[in-house]
Amino acid sequence: MAGSTFSGDETAPFFGFLGAAAALIFSCMGAAYGTAKSGVGVASMGVMRPELVMKSIVPVVMAGVLGIYGLIIAVIISTGINPKAKPYYLFDGYAHLSSGLACGLAGLAAGMAIGIVGDAGVRANAQQPKLFVGMILILIFAEALALYGLIVGIILSSRAGQSRAD
Numbered sequence: 310m311a312g313s314t315f316s317g318d319e320t321a322p323f324f325g326f327l328g329a330a331a332a333l334i335f336s337c338m339g340a341a342y343g344t345a346k347s348g349v350g351v352a353s354m355g356v357m358r359p360e361l362v363m364k365s366i367v368p369v370v371m372a373g374v375l376g377i378y379g380l381i382i383a384v385i386i387s388t389g390i391n392p393k394a395k396p397y398y399l400f401d402g403y404a405h406l407s408s409g410l411a412c413g414l415a416g417l418a419a420g421m422a423i424g425i426v427g428d429a430g431v432r433a434n435a436q437q438p439k440l441f442v443g444m445i446l447i448l449i450f451a452e453a454l455a456l457y458g459l460i461v462g463i464i465l466s467s468r469a470g471q472s473r474a475d
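What follows is the structure, encoded as structure tokens:
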């Protein structure tokens, strides 16, 4: 475009913003699924054993954290997209897209795991309190999946801007 101060590829920011959206959308989908599925288990268990409700809220909290991971990556990506300040090339857009997809899809997978384990775990905990520690360990491993996605997402988003020596 004549007279534009835009530098870099004109379609590249689309992919960058798509990555930010993917990180937030998929992570929040995982958080919503995990919260809903675990919450159903807590509600049904609370009818039988209301004294265990606060102890059994752990999966719901862990599922809610997944949305924060997506928010972190979305903010990192969106602050890195400023094509008027510095050139933003397709490499940068693809790096941000892959960063968002890595974090978002890992958060979705972790949310599904947390939801299923949380639902079954809190119901089983009402029957046999010894299962609480095992449930927490499995939930931690499921949460680690989202952390892996967050770490890889941060690494990938830091690669943006390294496509050409400016």
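If you read the sequence shown in the numbering used here, its first letter stands for residue 310, the second for the next number, and so on.
Glycine is no exception: its CB is placed at the ideal position from the N, C-alpha and C atoms.
Looking at the strands, I want to know which residues DSSP matches up with Tyr397. Bridge partners of Tyr397: Gly317.
Inter-residue CB distance, Pro321 and Asp401 (contact presumed, cutoff 8 Å): As written in the sequence, residue 321 is Ala, which differs from the Pro given in the question. Yes, Ala321 and Asp401 are in contact; Cβ-Cβ is about 6 Å, under 8 Å.
Any Cβ of chain C within less than 8 Å of the Cβ of Val362? Structure shown: chain C not included; a single protein chain is present.
Between the beta-carbon of Gly373 and the beta-carbon of Val362, is there less than 8 Å? Pairing Gly373 with Val362 gives a Cβ-Cβ distance that is not under 8 Å.
Please give the ranges of any beta strand (DSSP E) in the stretch 398–457, keeping only runs that are unbroken, at least 3 residues long and fully inside the region. none
Compare the beta carbon distance of Ser347 and Pro368 with 8 Å and say whether it is the shorter of the two. yes
Which parts of the stretch 317–357 are runs of the alpha helix (DSSP H), unbroken and 4 residues or longer, counting only runs that do not cross its ends? Those alpha helix (DSSP H) runs which fall completely within the stretch 317–357 and span 4+ residues are 321–357.
Beta carbon of Ile423, beta carbon of Met371: below 8 Å? In this structure, Met371 lies closer than 8 Å to Ile423 by Cβ.
Quick test of the definition: if touching needs 3 or more C-beta pairs under 8 Å, does the stretch 452–466 touch the stretch 405–419? Proximity of the stretch 452–466 to the stretch 405–419 meets the contact definition, three or more beta-carbon pairs being nearer than 8 Å.
Return the first residue and the last residue of the alpha helix (DSSP H) that Pro480 is part of. With the chain represented from 310 up to 475, any question about residue 480 goes unanswered, as that position is not in the structure.
So, helix, strand or coil for Pro359, using DSSP? Residue state, collapsed to three classes: helix.
Excluding the 5 residues preceding and the 5 following Val351 in the sequence, name in chain order all residues of the same chain whose CB lies nearer than 7 Å to its CB. Excluding positions up to five away in sequence, the list reads Val362, Ser365, Ile366, Val369, Val431.
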